[in-house]
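First up is the structure itself, then whatever we jot down about it.
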Amino acid sequence: MISRTWHGMVPLEKKIDFEAYLHKTGIEESTSLDGNLGAYVKIIEQDHYAHFFLCTVWSSWEAIHLFAGSEPTIAVTYPEDAKYGLISDPIVIHQEVITSDNPF
919 MISRTWHGMV PLEKKIDFEA YLHKTGIEES TSLDGNLGAY VKIIEQDHYA HFFLCTVWSS
979 WEAIHLFAGS EPTIAVTYPE DAKYGLISDP IVIHQEVITS DNPF
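Now the structure itself:
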């Protein structure tokens, strides 16, 4: 199994709206694909921002490519991201894992 972790942050006043948007975009899209074994979110408030960490767990690299395309280390983005003031890390982290349990 492989975990794929993305990080982004939004202004605190956009936190609740962005959390709903994240569920409708990255979480719903990734969990609808074959090979996805789970999606987990951790939110941490720091100063004027809410940091979002999304960890998805996959059965194989082939499954990750279904979601992320040919460059799986590059973050998947969506057309309305800017509406929430999202600052997205452009690179995601992959790790081999032995469980699909919530890593947070």
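To convert a position in the sequence shown, counted from 1, into my numbering, add 918.
Positions of the beta carbon are idealized from the N, C-alpha and C atoms, including for glycine.
Computed from a predicted structure; not experimentally measured.
Report all residues from its chain with a CB closer than 6 Å to the CB of Ala968; omit the five preceding and five following residues, and keep chain order. Closer than 6 Å at the Cβ level, and outside the excluded window around Ala968, lie Val928, Leu930, Lys933 and Ile961.
* Who are Ala968's beta bridge partners in DSSP? -> Answer by DSSP bridge pairing, in chain order: Val928 and Glu963.
- Message: Alpha carbons only, please: which of Trp924, Leu940, Val959 and Glu946 is nearest the one belonging to Ile1022?
- Response: Inspection of the sequence shows that residue 1022 is occupied by Phe rather than by Ile. Check the Cα spacing between Phe1022 and each of Trp924, Leu940, Val959 and Glu946: the tightest is with Val959.
Going by beta carbon distance, what residues of the same chain come within less than 7 Å of Ser977, once the five residues before and after it are set aside? Correct list, in chain order: Met919, Gly953 and Leu955.
Q) For Gly987, which three-state DSSP category applies? A) When secondary structure is reduced to three states using DSSP, Gly987 falls in the coil class, being assigned neither helix nor strand.
| message | Under DSSP, the beta strand (DSSP E) around Ile1011 begins and ends at which residues? | response | Here the beta strand (DSSP E) through Ile1011 covers Ile1011 to Glu1014.
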